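K.L.:
Next up is a structure, given as structure tokens.
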Amino acid sequence: MLQSPLKAILDACVIFRATLRDTLLRAAEQRIYEVYWSDIILEEASRNLIESGTMSPEQAQRLLAAMRQAFSAATVRDFELLIPAMTNDEKDRHVVAAGVKAGVHIIVTSNRKDYPAQSLEPFQIQVKSPDEFLMLLFDKAPEKMVQIVIQQAASLRKPAKTLAEVLDDIAAQAPQFAALVHSELNFFGE
């Protein structure tokens, strides 16, 4: 059984997708879980956003500054000495080490293969896909999660998106969660 409060560290690949990132950060803002990352994770996300052409360096810098400001306790520090003891994929050992330091329960990632269960068991950390994690958050706070998606759609201006479009964006990374919210909102057939 997971302890309360639920603590999760976000891998860079999860931070990359704007709509998914927004949903996850809004859930943390609503205190449905405690969010964590490291400077290494944020730098990797920034580099990927810039290299993909998704953001300019200035936009990526503003994004990371806003995340750090909004979640001042989220950045895990002083975990580097733990990295050599990690046994998961070498390029992602920093994620597990930061997670261990923060005492997280879950690593949220789209790259599950980089985090074999046996490498996480000693630390009682689970790996969850974005969809699995959002479903867990929905189970924990269904009304709040539906409201988060509604508010997320309402806040988008450039470009503006409908609730259905936001759910379609979420469905790219979290299809079961998007379908559940869609069902809760009685959108079938639209």
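In terms of the working numbering, the sequence shown has 166 at position 180, counting the first letter as 1, and numbering is strictly consecutive.
Every residue, glycine too, gets a C-beta built ideally from N, C-alpha and C.
Quantities reported herein were computed from a predicted structural model and do not represent experimental measurements.
1. Taking all protein chains shown into account, do 16 or more other C-beta atoms lie within 10 angstroms of the C-beta of Q112, making it buried, or fewer, making it exposed?
2. Among L106, P102, I27 and V94, which has the Cα closest to the Cα of K114?
3. Looking at the strands, I want to know which residues DSSP matches up with Y22.
4. Can you say whether T73 is buried or exposed, counting buried as having 16 or more other CB atoms within 10 angstroms of its CB?
5. What ranges does the beta strand (DSSP E) occupy inside the region 70 to 140, keeping only unbroken runs of at least 3 residues that lie completely in it?
6. Measure the Cβ-Cβ separation of Q55 and K130 and say whether it is below 7 Å.
7. With DSSP as the reference, label K40 as helix, strand or coil.
8. Should R79 go down as buried or exposed, given a rule of 16 or more other Cβ atoms within 10 Å for buried?
9. Taking all protein chains shown into account, decide if L10 is buried (16 or more other Cβ within 10 angstroms of its Cβ) or exposed.
10. Excluding the 5 residues preceding and the 5 following N34 in the sequence, name in chain order all residues of the same chain whose CB lies nearer than 7 Å to its CB.
11. Can you grab the Cα-Cα spacing for the pair A60 / A150, in whole Å?
12. Please report the residue range of the alpha helix (DSSP H) in which S58 lies.
13. Tell me the rounded alpha-carbon separation between S177 and R7.
14. Contact check, I(-5) vs G89 under 8 Å by CB: the rounded distance?
15. Any idea if F174 is buried or exposed, counting beta-carbon neighbours within 10 angstroms, 16 or more meaning buried?
P.N.:
Considering the structure as presented:
1. buried
2. V94
3. I(-5)
4. exposed
5. 92 to 94 and 112 to 114
6. no
7. Looking at the sequence provided, one finds Thr at residue 40 rather than Lys. Note: T40 maps to coil in three-state DSSP.
8. buried
9. buried
10. A(-2) and F2
11. 31 Å
12. From DSSP, S58 is part of no alpha helix (DSSP H); its letter is neither H nor E.
13. Outside the shown range of the chain, which is -13 to 176, sits residue 177, and nothing can be said about it.
14. Not confirmed; about 10 Å, so no contact.
15. A caution first: F174 carries a pLDDT of 39, below 50, which makes its placement in the model unreliable, though a value can still be read off. When all chains shown are included, F174 counts as exposed.
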